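Heads up: the structure comes next, in structure tokens.
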Amino acid sequence: MISFTIICILSTLLLVYSYNLNIIKSNFNGKSSLSMTTNEAIRTYASYVIYKGKAALSVKVIPPSYSSLSSHSRIISREGGLLLEFAPVGSIPREYDWTKKTTFLLDATECGDILSIHQQKSNSVEFVHDPNANSDKAGQINKKFRMIPTPDGNGYFLTLQVNDKSTQSGPITYSLPITHGELHVLNRLMEYILPYLLGFTEVWNNPGLGEFIEPIPTPAPAPVWKKITQ
Numbered sequence: 333m334i335s336f337t338i339i340c341i342l343s344t345l346l347l348v349y350s351y352n353l354n355i356i357k358s359n360f361n362g363k364s365s366l367s368m369t370t371n372e373a374i375r376t377y378a379s380y381v382i383y384k385g386k387a388a389l390s391v392k393v394i395p396p397s398y399s400s401l402s403s404h405s406r407i408i409s410r411e412g413g414l415l416l417e418f419a420p421v422g423s424i425p426r427e428y429d430w431t432k433k434t435t436f437l438l439d440a441t442e443c444g445d446i447l448s449i450h451q452q453k454s455n456s457v458e459f460v461h462d463p464n465a466n467s468d469k470a471g472q473i474n475k476k477f478r479m480i481p482t483p484d485g486n487g488y489f490l491t492l493q494v495n496d497k498s499t500q501s502g503p504i505t506y507s508l509p510i511t512h513g514e515l516h517v518l519n520r521l522m523e524y525i526l527p528y529l530l531g532f533t534e535v536w537n538n539p540g541l542g543e544f545i546e547p548i549p550t551p552a553p554a555p556v557w558k559k560i561t562q
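With the numbering used here, the residue at position 3 of the sequence shown is 335, and numbering never jumps.
Below you can see the structure in the form of structure tokens.
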């Protein structure tokens, strides 16, 4: 009788062990968040959005792209920029149609012009971009960004006009006012990111002369570059 009881207990323990083992294997194969973690890098996205009555403005940072010179060195192949996305208001107030957004990419020098706008004689800036410059479609699309003081002196108007000669709809214009406080936030963002846009922050991470480390693979260009028309 005792032997039979021991056999029953051992059989029960074996069944419990087998059941738990199957659960662990199932979670592992299904990549359960409780049983394993992935090696995929976590990407962080951030933006500063200004909402106004007729349009909204989203501001994002585009990192620079690099190309390899050798297994131990690289250079910037394309500088970063500050991406401005303008979206019109939708059919419902305070709802915006981001599917109709228009973009404008500020380079480091243009950011500097905005930072020093109070030193400009006209207290305003204007930039013109041709997304198809240096191609057979040059001049087809023209983008003009303007930043001028509001009549009451309480801020600035940001205006983006896009003229696409391939369409018959005529120029598209987005305009919205920003306060001095909102401009201050934009200025602080620009001051902070300028060294990153030019790659200077990476220079400080260089190893000392004669120091050997494992080659660091050059990261692929930011995927967002493929979606941007400046």
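A virtual CB, placed ideally from N, CA and C, is assigned to each residue, including glycine. Since this is a predicted model, take the numbers as computed values, not measurements.
Please list the terminal residues of the continuous alpha helix (DSSP H) segment that includes Ala-440.
440-447
Out of Arg-410, Asn-371, Thr-435 and Glu-442, state which residue places its alpha-carbon closest to the alpha-carbon of Asn-519.
Cα-wise, what sits closest to Asn-519 is Glu-442.
In three-state terms, what does DSSP make of Ile-563?
Any property of residue 563 remains undetermined from this structure, which presents the chain solely from 333 to 562.
Nearest residue (CA-CA) to Pro-395, options Asn-455, Ser-402 and Gly-413:
Gly-413
What number of angstroms, rounded off, separates the C-alpha of Ser-400 from the C-alpha of Ile-407?
6 Å
So, helix, strand or coil for His-404, using DSSP?
coil
Span of the alpha helix (DSSP H) around Tyr-528
512-529
Considering just the uninterrupted stretch of the beta strand (DSSP E) at Thr-491, what are its terminal residues?
487-496
When the Cα of Gly-485 is compared with those of Thr-491, Tyr-398, Asn-455 and Phe-459, which residue comes out closest?
Asn-455
Cβ-based neighbour list, Lys-386, same chain, cut-off 6 Å, excluding 5 preceding and 5 following:
A distance below 6 Å between beta-carbons, with the five flanking residues on each side excluded, links Lys-386 to the following residues of its chain, in chain order: Val-421.
Do you know how far the Cα of Ile-424 is from the Cα of Tyr-398?
If you take the alpha carbons of Tyr-398 and Ile-424, they lie about 43 Å apart.
Report buried or exposed for Ala-388, applying the criterion of at least 16 other Cβ atoms within 10 angstroms of its Cβ.
buried
Cα-Cα separation, Ser-467 to Lys-476
19 Å
Does the Cβ of Leu-438 have 16 or more other Cβ atoms within 10 Å, making it buried, or fewer, making it exposed?
buried
So the alpha helix (DSSP H) Glu-458 belongs to, where does it begin and stop?
Note, Glu-458: premise wrong, no alpha helix (DSSP H); beta strand (DSSP E) at 457-461.
Distance, Asn-371 Cα to Phe-360 Cα
A caution first: Phe-360 carries a pLDDT of 45, below 50, which makes its placement in the model unreliable, though a value can still be read off. About 14 Å.
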